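K.L.:
In our numbering, the protein residues as written are 3 to 87.
Just so it is clear, CB atoms sit at the ideal spot from N, CA and C, and this is done for glycine as well.
Remember, it's a predicted structure, so these values are computed and weren't measured experimentally.
Below: one structure in structure tokens.
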Amino acid sequence: FWALDITRKELRFRTPADTSGRRFAAVPPLRSADTLRWTLRSRGESVDVRLWPGKCSDGMSDRAWDYQARVRIDTMSYRGCATQT
């Protein structure tokens, strides 16, 4: 399990082992076709986040999400579903 919260001020990546999360200063996303992409380096870590429209299932609930997400922090890669709040 993991979660990424994106605000105008920060990107916060959380896991069950790190519930307070790793925080990164927000940068404006780049838009390429229908994909939003955030790329940054912080405290020696390389961060790449991509969000794009597409039906997505998390495999645990009956909910159908409207977006797909991919997060890379250094060598770790995560894929999942996303929503806009």
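1. Across which residues does DSSP place W67 in a beta bridge pair?
2. Find the nearest neighbour of P18 within the set A28, F26, A5 and K11, judged by alpha-carbon distance.
3. Quick one: using the 10 Å Cβ neighbour count with 16 as the cut-off for buried, is F15 buried or exposed?
4. Report the residue from P30, R52 and G46 whose alpha carbon sits nearest the alpha carbon of D36.
5. Under the three-state reduction of DSSP, which class applies to V51: helix, strand or coil?
P.N.:
By the coordinates alone:
1. Beta-bridge analysis with DSSP links W67 to C58.
2. Ranking A28, F26, A5 and K11 by Cα distance to P18 puts A5 first.
3. A buried status is given to F15, since no fewer than 16 other beta-carbon atoms sit within 10 Å of its beta-carbon.
4. R52 is the residue among P30, R52 and G46 whose C-alpha sits nearest the C-alpha of D36.
5. In the displayed model, V51 falls within a strand according to three-state DSSP.
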